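Student:
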């Protein structure tokens with residue numbers, strides 16, 4: 007009887023152990039990076055100038071790429087790919103760009119980026135950033151280096167939009183100042199350069215309001231022509247229904263002083279408006295983009311939220327949906343992306 011109890015106990019212990027062993031065998035070899043809880047190390051911030059090597063995708067010789075971020079029904083790679091594909095087909099099937107947002111700690115490129123890659127889409131990856139002073143201290147260097155290595159291994163050109171809309175007042179607690187933001191930008195980009203992630207084009211993207219509102223002074227956050235590959239702005243009508251051209255004119259006055267291609271990082275119809283107002287605002291986008299050949303890409307932001315309340319989709323707005331389709335199927339914007347199958351994007355190009 008005693009021997010039977012010992013045998014039974016051994017079997018129960020083995021049964022309990024087997025799921026743990028299976029979990030260990032099936033677990034991924036790399037785990038998501040966890041933010042350190044220790045105090046920042048004592049390191050000297052990077053102050054020396056850095057020779058940057060990023061350039062990203064070769065520009066379209068004519069016209070501009072068009073793309074979108076589309077809020078999915080299911081927040082997983084399959085759901086995001088399906089949402090973009092449905093939006094693309096409704097717009098005529100010509101969109102070349104896909105957009106993905108990532109928090110500071112989330113590893114990328116990941117399954118979603120690989121799903122977009124399988125669809126043949128050029129990608130803009132938005133990276134939220136974190137406290138600028140902690141970044142410059144060296145606290146996150148291992149995280150940054152891992153992101154750079156993963157981008158390099160991805161092997162295809164991408165647009166990397168680090169800490170977009172840095173000029174927003176509600177980000178002041180983590181951005182601190184223009185000087186702190188620029189120091190963080192240079193620190194992160196230097197690590198990417200050291201790793202050799204030259205397939206990433208660095209996109210500097212304030213809000214267009216930051217150029218129209220003198221209190222925002224978005225230009226003060228500019229890291230310099232030697233640090234930026236693409237200029238960018240986010241443009242929305244706002245409750246006042248400010249026209250697309252009005253907001254963009256302020257930004258383009260700055261862009262004309264800097265020989266860099268421009269991408270509209272986000273634009274969308276976030277207000278309900280009176281009948282026809284949404285379509286009228288959107289109708290002005292196409293001629294404006296064609297009038298400014300420096301603009302080489304634009305991404306629509308299609309989502310629906312309750313806090314803050316907005317709906318930039320076309321679900322209940324067939325007139326605006328048709329206007330967007332006319333934009334997306336215009337030969338000027340129906341440009342194919344560059345070769346996204348070769349790994350040539352990791353090869354350094356000569357300076358400008």
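In the working numbering, the protein residues as written are 7 to 358.
Here a beta-carbon is modelled for each residue, glycine too, at the ideal position from N, C-alpha and C.
For clarity, every value in this text was computed on a predicted model and none was experimentally measured.
I'd like the list of long-range same chain contacts for residue 318, defined as Cβ closer than 7 Å, with 5 residues on each side in sequence excluded.
Tutor: For residue 318, where only same-chain residues beyond five positions count, the Cβ hits under 7 Å are 274, 275, 276, 307, 308 and 309.
Student: Distance, Cα to Cα, residue 133 vs residue 115?
Tutor: Cα to Cα, the separation comes out at about 11 Å.
Student: Tell me the residue span of the alpha helix (DSSP H) that contains residue 193.
Tutor: Looking at the DSSP string, the run of the alpha helix (DSSP H) that includes residue 193 is 184 to 201.
Student: What are the partner residues of residue 211, as DSSP defines its beta bridges?
Tutor: DSSP, once it has assigned bridges, lists no residue as partnering residue 211.
Student: Where does residue 132 sit, in a helix, a strand or coil, going by DSSP?
Tutor: Residue 132: strand per DSSP, three-state reduction.
Student: From residue 219 to residue 184, what does the alpha carbon distance come to, in whole angstroms?
Tutor: If I take the Cα positions, the gap works out to 16 Å.
Student: Pick helix, strand or coil for residue 176, following the three-state DSSP scheme.
Tutor: Reduced to three states, the DSSP call for residue 176 is helix.
Student: What three-state label does DSSP hand residue 162 in the structure shown?
Tutor: Of the three classes helix, strand and coil, the one that applies to residue 162 here is coil, per DSSP.
Student: Whole angstroms are fine: how far does the CA of residue 142 sit from the CA of residue 193?
Tutor: C-alpha separation (whole angstroms): 6 Å.
Student: Helix, strand or coil, according to DSSP, for residue 94 in the structure here?
Tutor: In the structure shown, residue 94 sits in a helix (DSSP, three-state: H, G or I).
Student: Between the stretch 157 to 169 and the stretch 196 to 213, do three or more beta carbon pairs fall short of 8 Å?
Tutor: Yes, they touch.
Student: How far does the alpha helix (DSSP H) with residue 294 in it extend, from its first residue to its last?
Tutor: Counting along the chain, the alpha helix (DSSP H) containing residue 294 begins and ends at 291 to 297.
Student: Leaving out five residues on either side along the sequence, give the residues of the same chain with a beta carbon under 6 Å from the beta carbon of residue 138.
Tutor: The answer, listed in chain order, is 181, 182, 186, 187 and 190.
Student: Mapping DSSP to helix, strand and coil, what is residue 312?
Tutor: Strand at residue 312.
Student: Using alpha carbons as the reference points, say which of 245, 106, 329 and 233 lies closest to residue 119.
Tutor: Cα-wise, what sits closest to residue 119 is 106.
Student: Could you tell me which residues DSSP pairs with residue 170 in its beta bridges?
Tutor: DSSP lists no partner for residue 170.
Student: Taking the Cβ atom as the reference point for each residue, do residue 150 and residue 197 lie within a distance shorter than 7 Å?
Tutor: Yes, the Cβ-Cβ distance between residue 150 and residue 197 is below 7 Å.
Student: Within 10 Å of its beta-carbon, does residue 175 have 16 or more other beta-carbons around it, so buried, or fewer, so exposed?
Tutor: That one is exposed.
Student: Quick check: the stretch 238 to 245 against the stretch 97 to 106, are there 3 or more CB pairs under 8 Å?
Tutor: Output reads no: the stretch 97 to 106 does not touch the stretch 238 to 245.
Student: What do you get for residue 61, buried or exposed, if any count of 16 or more other CB atoms within 10 angstroms of its CB means buried?
Tutor: Classification of residue 61: buried, given that the 10 Å Cβ count is 16 or more.
Student: What separation, rounded to the nearest whole angstrom, lies between the Cα atoms of residue 301 and residue 89?
Tutor: Computed Cα separation, rounded: 26 Å.
Student: Look at the Cβ atom of residue 71, then the Cβ atom of residue 303, and state whether they are nearer than 7 Å.
Tutor: Their beta carbons are under 7 Å apart, which means residue 71 touches residue 303 by this criterion.
Student: Whose C-beta lies closer than 8 Å to the C-beta of residue 5 among residues of the same chain, with five residues either side of it excluded?
Tutor: A query on residue 5 cannot be resolved here, the shown segment of the chain reaching from 7 to 358 and no further.
Student: Who does residue 317 pair with in a DSSP beta bridge?
Tutor: In the DSSP output, where bridge partners are listed per residue, residue 317 has 310.
Student: Near residue 211, which residues of its chain fall below 6 Å by C-beta distance, leaving aside the five closest residues on each side in sequence?
Tutor: Same-chain partners within the cutoff: 167, 170, 238 and 271.
Student: Whose C-alpha, out of 290, 126, 200 and 341, is nearest the C-alpha of residue 330?
Tutor: Checking every option, the nearest Cα to that of residue 330 belongs to 290.
Student: Give me, in chain order, the residues of the same chain whose beta-carbon lies closer than 6 Å to that of residue 224; leave out the 5 immediate sequence neighbours on both sides.
Tutor: Within the same chain, residue 224 has close Cβ partners 173, 212, 216 and 217.
Student: What would DSSP say about residue 103, mapped onto helix, strand or coil?
Tutor: Three-state DSSP puts residue 103 in a strand.
Student: State the start and end residues of the unbroken alpha helix (DSSP H) segment that holds residue 328.
Tutor: From DSSP, the alpha helix (DSSP H) with residue 328 extends over 324 to 335.
Student: Distance, Cα to Cα, residue 87 vs residue 154?
Tutor: Looking at the two C-alpha atoms, the distance is approximately 24 Å.
Student: In the DSSP assignment, find the unbroken beta strand (DSSP E) run with residue 240 in it and report its ends.
Tutor: Residue 240 -> beta strand (DSSP E) spans 236 to 241.
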